[in-house]
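J.: As given, the protein sequences belong to chains Z and U, one line each in that order.
Numbering follows the working numbering, in which position 182 of the first sequence is assigned residue number 182; successive positions increment by one, without gaps.
Numbering follows the working numbering, in which position 24 of the second sequence is assigned residue number 24; successive positions increment by one, without gaps.
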Amino acid sequence: MSMERELEGERDMGSRDPLAGRLADGDPGAPRELVERHHTELLRYARALLHDGPAAEDAVQEAFSKTFAALGKYPKERIENLSFRPWLYRITLNVVRNVWRDRRREVVVAETPERTDERFGDVVSDSSTGPEKKEAWLDALEALRRLSERQQVAVALRYLEDLPYAEIAERTGWPENTCKTLVRRGIGRLGVLLSGRSDAKNGNGGHSR
Amino acid sequence: MKDEGSRRFGGRSDEEHAVELLRDAGTRLGASQGDPGEFVEHVLARGTDRLFTCDSPLGEVYVGVSERGVRLVGRADLPEEFARRYRERFGRLLSWGTDETTRRLARRVATAFAGEKVEVPADLSGTTPFQRRVLEVVKGIPRGEVRPYAWVAREAGSPRASRAVGTVMANNPVPLVVPCHRVVRNDGTTGSYAFGAEEKVGLLEGEGVPVGELTISPYLATPTTGIFCHATCPNARRIKPANRRRFRSAEAATNAGYRPCRVCRPVVSR
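(1) Contact criterion: CB-CB distance below 9 Å. Does residue 73(U) meet it with respect to chain Z?
(2) Which runs of the beta strand (DSSP E) spanning at least 3 residues fall entirely within the stretch 116-152 of chain U, listed in chain order?
(3) Would you mind telling me which residues of chain Z sit closer than 7 Å to residue 126(U), beta carbon to beta carbon, in chain order?
(4) Relative to the C-alpha of residue 149(U), which candidate in 186(U), 237(U), 207(U) and 35(U) has its C-alpha closest?
(5) Considering only DSSP beta bridges, list what residue 229(U) is partnered with.
(6) By the 10 Å Cβ neighbour count, where 16 or more other Cβ atoms means buried, how is residue 117(U) classified, buried or exposed?
(7) Can you find a C-beta in chain U that's less than 9 Å from the C-beta of residue 115(Z)?
(8) In chain Z, which residues lie with their C-beta within 7 Å of the C-beta of residue 13(U)?
(9) Three-state secondary structure (DSSP) at residue 265(U)?
(10) Quick one: using the 10 Å Cβ neighbour count with 16 as the cut-off for buried, is residue 267(U) buried or exposed?
(11) Tell me the rounded alpha-carbon separation between residue 206(U) and residue 93(U).
(12) Are residue 90(U) and residue 59(U) touching if we call contact CB-CB under 9 Å?
(13) Does residue 27(Z) get closer than 9 Å to chain U when you measure Cβ to Cβ?
(14) Alpha carbons only, please: which of 66(U), 177(U), 198(U) and 53(U) is nearest the one belonging to residue 77(U)?
(15) Taking Cβ-Cβ distances below 9 Å as the criterion, which residues of the stretch 31-48 of chain Z are in contact with chain U?
(16) Starting from residue 61(U), follow its DSSP beta bridges and name the residues at the other end.
(17) Excluding the five sequence neighbours on either side, which residues of its own chain have a C-beta within less than 6 Å of the C-beta of residue 159(U), listed in chain order?
(18) Look up residue 32(Z) in the DSSP assignment and say whether it is helix, strand or coil.
(19) Please report how far the alpha carbon of residue 45(Z) lies from the alpha carbon of residue 29(Z), in whole angstroms.
(20) Does DSSP put residue 64(Z) in a helix, a strand or coil?
(21) Between residue 100(Z) and chain U, is any beta-carbon pair separated by less than 9 Å?
(22) Tell me whether the beta-carbon of residue 183(U) lies closer than 9 Å to the beta-carbon of residue 147(U).
(23) Taking residue 68(Z) as the query, report the chain U residues whose CB atoms sit under 7 Å from its CB, ordered along the chain.
(24) Name the DSSP bridge partner or partners of residue 49(U)?
(25) Around the C-beta of residue 115(Z), are 16 or more other C-beta atoms found within 10 angstroms, so that it is buried, or is it exposed?
(26) Enumerate in chain order the residues of its own chain whose CB-to-CB distance from residue 158(Z) is below 7 Å, with the five nearest sequence positions on each side excluded.
(27) When the Cα atoms are used, what is the spatial distance from residue 20(Z) to residue 88(Z)?
(28) Exposed or buried, what is residue 173(U) when buried is set at 16 or more other beta-carbons lying within 10 Å of its beta-carbon?
(29) I'd like the span of the beta strand (DSSP E) that includes residue 72(U), first residue to last.
(30) Using DSSP's beta-bridge definition, name the partner residues of residue 113(U).
(31) Just the Cα atoms here: how many angstroms apart are residue 160(Z) and residue 38(U)?
(32) When burial is assigned at 16 or more other CB atoms within 10 Å of the CB, is residue 200(U) buried or exposed?
(33) Thinking C-beta only, is residue 26(U) closer than 9 Å to residue 48(Z)?
(34) Could you please tell me which residues of the stretch 39-69 of chain U, in chain order, have their CB closer than 7 Å to any CB of chain Z?
(35) Is residue 71(U) closer than 9 Å to residue 26(Z) when the C-beta atoms are compared?
(36) Suppose the cutoff is 6 Å on Cβ atoms and the five residues either side in sequence are ignored; what does the same chain contact list for residue 257(U) look like?
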């Protein structure tokens, strides 16, 4: 996780976010605007990494709580120079990591299709596609979980969020080439996992079940 | 299932197949949103303290509230100024209290500021144990009554801390909710106030306190019972005018043979 070090997303002078100025100034309308501006993309991001709607909502709420707690303690100048997007993504990833860790600690239960269906109840009930395809995309998400953490993040941003590499780099704080490598290797491994070939069983990375 | 999928997408590489499934998953994940407005409200309620304005006898005041209750009341030229003060004091951001819980509390506070007897929860978590004891004692002084600093000190369990009580009053984060304007000097004069001494007199007169009389005789006694009270104690107000005996101090009343009322418990220094 060396790339993940404290990149707080401090911005160059001149390209300051006006909302950062208003938050630093104490504008009581600014916190709502920050949430309204970023919650949709963060929810998608958390859903992509957690595969669970309620858990993702809770994670994003907690990420915003941590953000606001930090903003309550930072000096004015520091808030003015913040670049919120990468910072929010980093905080969200930290919360997601805690969820992953807690899940690993839970008694390992074999994942049955029923359980998966239940968690995606609203999504699965969408009847626009055939039953096989439904399970196929769920399989893809399940396989995604078996990648290394950074591969999961990069692949989720690239293909679940459909972001170009420059934006993936901006949100994660990782160099663009690193993002490309992570996505290439991640997709390579996903291809193997989803094809059901036997070498998928003894993979590296990701957390086992 | 997996084998079948692999065969179905046989024309393409495993990687392309994986990418296609992921894009499909992305579309579905994006589509399963709940009510965004409700989500934003939850985030704000959980992550920030809330702000509203309220009419009061001091004019319009800003009120900052946490989950536990009212944390800061004050006047400011702009909401930003109040929010900055709040952040410096408590390390929390304020956002406009648009949720139903805050609106309900705002109505309650407005009712209390208008003089009705309703309980307003106060969050005194940012204060020291002594400050909190003092503020809680003062919160219990009813409308229309006043008590001297020495009395508050004694009731808070620190009888020699009259001066420290004065400091706590000067820094009271929640004026009106904790009615520090009802704490007066030991000689019955009203003393100073964070919003100005005249404001204090105005507030007390608005609550029916006979400010002028108090400065002459903060204690009243009656020979029919041999008891003396703070002049604003409900028992003192029941004394018939003909029986009223006025005293400048509790000591003078004691020396004249009266004993302190058990309801308002005047302090007699020795």
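For glycine and all other residues, C-beta sits at the position ideal for the given N, C-alpha and C.
T.: Quick look at the numbers:
(1) Here residue 73(U) corresponds to residue number 73 of the second sequence, with the count starting at 1. So no, residue 73(U) is outside the interface.
(2) none
(3) On the second sequence, residue 126(U) is found 126 positions in, with the first residue counted as 1. Simply none; closest approach about 13 Å.
(4) Within the second sequence, numbered from 1, the residue matching residue 149(U) stands at position 149. Per the Cα distances, 186(U).
(5) By one-based count along the second sequence, residue 229(U) stands at place 229. Answer by DSSP bridge pairing, in chain order: 220(U).
(6) Along the second sequence, read from residue 1 onward, the residue named residue 117(U) stands at position 117. Residue 117(U) should be labelled exposed.
(7) Sequence index remark: in the first sequence, residue 115(Z) carries index 115 (1-based). Low confidence applies to residue 115(Z): its pLDDT is 45, below 50, so where it sits in the model is not reliable, and the reading given next is rough at best. No - not a single Cβ of chain U is within 9 Å of the one on residue 115(Z).
(8) Here residue 13(U) is taken as the residue at index 13 of the second sequence, counted from 1. Residues of chain Z passing the Cβ test: 191.
(9) Within the second sequence, residue 265(U) is the residue found at index 265, counting from 1. Coil.
(10) For this step, residue 267(U) is matched to residue 267 along the second sequence. By the neighbour-count rule (16 or more Cβ atoms within 10 Å), residue 267(U) is buried.
(11) Here the question's residue 206(U) lines up with position 206 in the second sequence. Here the question's residue 93(U) lines up with position 93 in the second sequence. When rounded, the distance between both Cα atoms is 34 Å.
(12) In the second sequence, the residue the question calls residue 90(U) occupies position 90. In the second sequence, the residue the question calls residue 59(U) occupies position 59. Going by C-beta atoms, residue 90(U) is not nearer than 9 Å to residue 59(U).
(13) Within the first sequence, the letter at position 27 stands for residue 27(Z). It does; some Cβ of chain U falls within 9 Å.
(14) As a first step, residue 77(U) is located in the second sequence; it is residue number 77 there, counting from the start. For residue 77(U), the nearest C-alpha among the options comes from 53(U).
(15) 31, 32, 35, 36, 39, 40, 43, 44, 47 and 48
(16) Locating residue 61(U) in the second sequence gives position 61, where the first residue counts as 1. 54(U).
(17) Against the second sequence, residue 159(U) aligns to sequence position 159. Hits under 6 Å: 153.
(18) Position 32 of the first sequence, counting from 1, holds the residue named residue 32(Z). Under the three-state reduction of DSSP output, residue 32(Z) falls in the helix class.
(19) For this step, residue 45(Z) is matched to residue 45 along the first sequence. For this step, residue 29(Z) is matched to residue 29 along the first sequence. Roughly 25 Å separates the two Cα atoms.
(20) Here residue 64(Z) is taken as the residue at index 64 of the first sequence, counted from 1. Residue 64(Z): helix per DSSP, three-state reduction.
(21) Taking the first residue of the first sequence as position 1, residue 100(Z) is located at position 100. Chain U, which has no Cβ nearer than 9 Å to the Cβ of residue 100(Z), makes this no.
(22) Position 183 of the second sequence, counting from 1, holds the residue named residue 183(U). Position 147 of the second sequence, counting from 1, holds the residue named residue 147(U). Contact: yes.
(23) Taking the first residue of the first sequence as 1, we reach residue 68(Z) at position 68. Correct list: 47, 48 and 93.
(24) Numbered from 1 along the second sequence, position 49 holds the residue referred to as residue 49(U). Bridge partners of residue 49(U): 94(U).
(25) On the first sequence, residue 115(Z) is found 115 positions in, with the first residue counted as 1. With a pLDDT of 45 at residue 115(Z), under the threshold of 50, the predicted position of this residue should be treated as unreliable, though the coordinate-derived value follows. Residue 115(Z) is exposed by the Cβ-count criterion.
(26) On the first sequence, position 158 is the one that residue 158(Z) refers to. Taken in chain order, the residues that qualify are 168 and 183.
(27) As a working note, residue 20(Z) is residue 20 in the first sequence. As a working note, residue 88(Z) is residue 88 in the first sequence. Cα to Cα, residue 20(Z) sits roughly 13 Å from residue 88(Z).
(28) As a first step, residue 173(U) is located in the second sequence; it is residue number 173 there, counting from the start. Under this definition residue 173(U) is a buried residue.
(29) What you label residue 72(U) is simply residue 72 of the second sequence in a count that begins at 1. 70-74 is the extent of the beta strand (DSSP E) around residue 72(U).
(30) Numbered from 1 along the second sequence, position 113 holds the residue referred to as residue 113(U). Per DSSP, none; premise fails for residue 113(U).
(31) The sequence position of residue 160(Z) within the first sequence is 160, counting from 1. The sequence position of residue 38(U) within the second sequence is 38, counting from 1. If you take the alpha carbons of residue 160(Z) and residue 38(U), they lie about 24 Å apart.
(32) Here residue 200(U) refers to the residue found at position 200 when the second sequence is read from its first residue. Label assigned to residue 200(U): buried.
(33) Indexing the first sequence from 1 puts residue 48(Z) at position 48. Indexing the second sequence from 1 puts residue 26(U) at position 26. For residue 48(Z) and residue 26(U), yes; Cβs fall inside 9 Å.
(34) 39, 40, 42, 43, 44, 46, 47, 48 and 51
(35) Working through the first sequence from its first residue, we reach residue 26(Z) at position 26. Working through the second sequence from its first residue, we reach residue 71(U) at position 71. Not closer than 9 Å, so no.
(36) Looking up residue 257(U) in the second sequence gives position 257. The answer is none, since no qualifying residue turns up.
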